[in-house]
Amino acid sequence: MKKYILIAFVLLGAVSCTNDFSEWNKDPKQATEVPASTLFSNAERNLARTMKTHNVNINIFNNLAQYWSATTYPDETQYRLGTRDVPGRFWNALYRDVLIDFKEAKKILTAEGANIAPALVAKNKNQLAVISILEVYTFHVLVDVFGDVPYTEALDIDNPLPKYDNDTDIYASLFTKLDAAIADLNPSSGSFGSADFIYNGNVASWKKFANSLKLRMALRVKDGGKVASAVAGGVFTSNADNAAFKFLSSSPYANPLWENLVESGRSDVVAADTFVNIIVPLNDPRTPVYLGDNKTPYIGGPYGANNSFVAFTHLGDIFHKPDFEGVILDYAEVKFLLAEAAARGLGGVTGAATHYNEAITASIKYWAPSADAAAYIAQPSVAYDATNWQQSIGMQKYIALYSRGFEAWSSWRIFKYPVLLAPAEADAAAEGKVPVRLTYPADESQRNGDNYKAASTAIGGDKFTTKVFWNQ
């Protein structure tokens, strides 16, 4: 079924992928068909914005990872998330603003695929596969944040009360879907071209991303077979492979972090003492990039406190740039995943120390290209410790993931390093601990009550302390 959307929505939501707007110069009161590429661009952009923003109404993962602390409004660092229903806004951003557009783009492409010239079949198939890969990424984020979520009955306009699927079952389905997408990718043909703001339509790059995502998910569930399959399929091999959304220099296509820190004129964020006290003693060459130079020495704002903006270290200049790219998965992370696989004895991967060193080097070369990574790694406090590999990998991966709050919080849940403590001011609902999941949206208990209750019971309670399946 073709989807029709008002042209006003297209102008607002689409990411520019053409210089020819003549076909849009129509009566805005009339409906028009939206191309699949426009829906794809919009969904890809909304996904990147949702994962990269520090609008605490939506994304608080850099707070949960204790990279950043707050001024003026410390609710989120104190785990008081009900005031603005942060979980609900994040949930809606992914279901409503990302997954629905991907679904509609697929409908259009599937219909087109039945009536196109043979020469265009491979491109159409690639486009469908790329969408599937990003759908897998999005649902894996939802599962990692909430546990059981709507999946098989989600996104159905005729079923506003979807059941919640078991998180283990969803992951199994996502692996199947990802494998099918990888098999469908044909690097000799194109995909979305300039409508793709991550890889500019490069199918070979999407294949590497898909295998790297599979590696991440395989380590979540500690499945050696899937680790081996991902590695054999071809994961990232350099920083050139990084999956990063290319933001532009002005709103509404700028990096949302710039909107949060600069365009808004607000002064709500300082570096957290947790992170500052970890990175500064290590003489880490990324420190002057990660952190601002407004205070000498660096002073992190106490996590959970209502801090003064002028009294504590700010974020580094790079995070104030509107066109700073939005990384969602990178080579350094892949090397840390391989180090973890080797340390756990999974997938036939060996050489944990080598992968660990290469992970740190990749991160340093990304953030501080002229720095001496070898000298940093040679420090006893940084060198790989095979006996305490969880601490070695956990600490250095945490540093490398700076500003990527969701994955840093997920890594902390896996390794338990660094040691993160709930602030004294934390809400009682946190039970004195750093949350390991977000609670379901506030309106789910009323709007979708029966399914909400069933899901809450199935996971062990809709609480901050309830662990998702791979964290148990």
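If you read the sequence shown in the working numbering, its first letter stands for residue 75, the second for the next number, and so on. For every residue, glycine included, the Cβ atom is placed at its ideal position computed from N, Cα and C.
Following the continuous beta strand (DSSP E) through residue i, name the residue where it begins and the one where it ends.
| i | result |
| --- | --- |
| serine 143 | 142–144 |
| leucine 403 | 400–403 |
| alanine 317 | 317–319 |
| valine 510 | Where valine 510 is concerned, there is no enclosing beta strand (DSSP E), given that its DSSP letter is neither H nor E. |
Alpha helix (DSSP H) containing residue i: first to last residue?
| i | result |
| --- | --- |
| valine 204 | 195–220 |
| valine 384 | Segment: none, valine 384 is in no alpha helix (DSSP H) and carries neither H nor E. |
| leucine 289 | 277–295 |
| valine 350 | 347–353 |
| tyrosine 450 | 447–451 |
| valine 301 | 298–307 |
| phenylalanine 489 | 479–489 |
| threonine 311 | Per DSSP, threonine 311 belongs to no alpha helix (DSSP H) and is neither H nor E. |
Considering only C-alpha positions, which residue in the set the options is nearest to residue i?
| i | options | result |
| --- | --- | --- |
| arginine 511 | Leu248, Ser485 and Phe266 | Ser485 |
| glutamate 407 | Asn381, Ala457, Thr311 and Ile352 | Thr311 |
| glutamate 399 | Thr112, Val350 and Thr127 | Thr127 |
| phenylalanine 383 | Ala345, Asp536, Val401 and Gly390 | Ala345 |
| valine 160 | Asp536, Gly535 and Ala516 | Ala516 |
| asparagine 329 | Val542, Asn129, Ser111 and Thr540 | Asn129 |
| alanine 196 | Gly339, Pro148 and Val277 | Val277 |
| aspartate 397 | Phe321, Tyr377 and Thr348 | Phe321 |
| valine 215 | Asp536, Asp241, Val343 and Asn274 | Asp241 |
| serine 324 | His394, Ala188 and Ala193 | His394 |
| arginine 290 | Ser437, Ala413 and Glu186 | Ala413 |
| isoleucine 488 | Trp544, Ala415 and Thr112 | Trp544 |
| leucine 411 | Ala193, Val305, Asn525 and Phe135 | Val305 |
| glycine 275 | Pro376, Tyr514, Val456 and Phe114 | Phe114 |
| valine 108 | Asp175, Asn136, Ala447 and Gly468 | Asp175 |
| glutamate 118 | Asn198, Phe164 and Glu209 | Glu209 |
| threonine 146 | Tyr377, Gly419, Tyr273 and Ala193 | Tyr377 |
Within 10 Å of its beta-carbon, does residue i have 16 or more other beta-carbons around it, so buried, or fewer, so exposed?
| i | result |
| --- | --- |
| alanine 529 | buried |
| glycine 425 | exposed |
| asparagine 99 | Caution applies to asparagine 99, whose pLDDT of 39 falls short of 50 and renders its modelled position unreliable; the value that the coordinates give is listed next. Exposed, since its Cβ has fewer than 16 Cβ neighbours within 10 Å. |
| glutamine 470 | buried |
| asparagine 462 | exposed |
| leucine 331 | buried |
| threonine 250 | exposed |
| asparagine 189 | exposed |
| alanine 347 | In the sequence on display, residue 347 carries aspartate and not alanine. Buried, by the Cβ-count rule. |
| proline 371 | exposed |
| glycine 224 | Correcting the residue identity first, residue 224 is proline in this sequence and not glycine. The residue is buried, with at least 16 neighbouring Cβ atoms inside 10 Å. |
| proline 148 | buried |
| leucine 248 | buried |
| proline 497 | buried |
| isoleucine 392 | exposed |
| threonine 184 | exposed |
| threonine 531 | exposed |
| glycine 535 | exposed |
| glycine 221 | buried |
Looking at the structure shown, is residue i part of a helix, part of a strand, or coil, going by DSSP?
| i | result |
| --- | --- |
| valine 172 | helix |
| glycine 267 | helix |
| phenylalanine 538 | coil |
| glycine 468 | helix |
| leucine 420 | coil |
| leucine 252 | helix |
| glutamate 499 | coil |
| alanine 529 | helix |
| valine 130 | coil |
| valine 108 | coil |
| alanine 88 | Only weak support is given to the placement of alanine 88: the predicted model assigns it a pLDDT of 35, under 50, and the question is left unresolved by the model. |
| aspartate 378 | It is glycine, not aspartate, that sits at residue 378 in the sequence shown. Reduced to three states, the DSSP call for glycine 378 is coil. |
| aspartate 517 | coil |
| valine 456 | coil |
| tryptophan 544 | helix |
| asparagine 357 | coil |
| aspartate 232 | coil |
| leucine 365 | strand |
| phenylalanine 95 | Its pLDDT being 32, under 50, phenylalanine 95 is placed unreliably by the model, and the measurement read from it follows with that caveat. Three-state DSSP puts phenylalanine 95 in coil, outside helix and strand. |
| aspartate 258 | helix |
| valine 344 | strand |
| aspartate 239 | strand |
| valine 408 | helix |
| valine 223 | strand |
| tyrosine 327 | coil |
| aspartate 391 | helix |
| proline 396 | coil |
query = Do three or more CB pairs link the stretch 197–209 to the stretch 165–179 at distances below 8 Å?
reply = yes
key: Given 8 Å, three or more beta-carbon pairs between the stretch 249–268 and the stretch 279–287   = yes
ask   = At a cut of 8 Å, does the stretch 164–175 reach the stretch 119–126 through at least three beta carbon pairs?
value = yes
ask   = Taking one C-beta from the stretch 138–152 and one from the stretch 469–486 each time, how about it: are there three or more such pairs within less than 8 Å?
value = yes
query = Does the stretch 387–397 come close enough to the stretch 413–429 to have 3 or more Cβ pairs within less than 8 Å?
reply = Here the stretch 387–397 makes no contact with the stretch 413–429; the two share fewer than three CB pairs at distances below 8 Å.
ask   = With contact counted as at least three CB pairs below 8 Å, one residue from each stretch, are the stretch 287–301 and the stretch 222–229 in contact?
value = no
task = Evaluate the contact criterion for the stretch 151–159 versus the stretch 494–512: three or more CB pairs, one atom per stretch, below 8 Å.
result = yes
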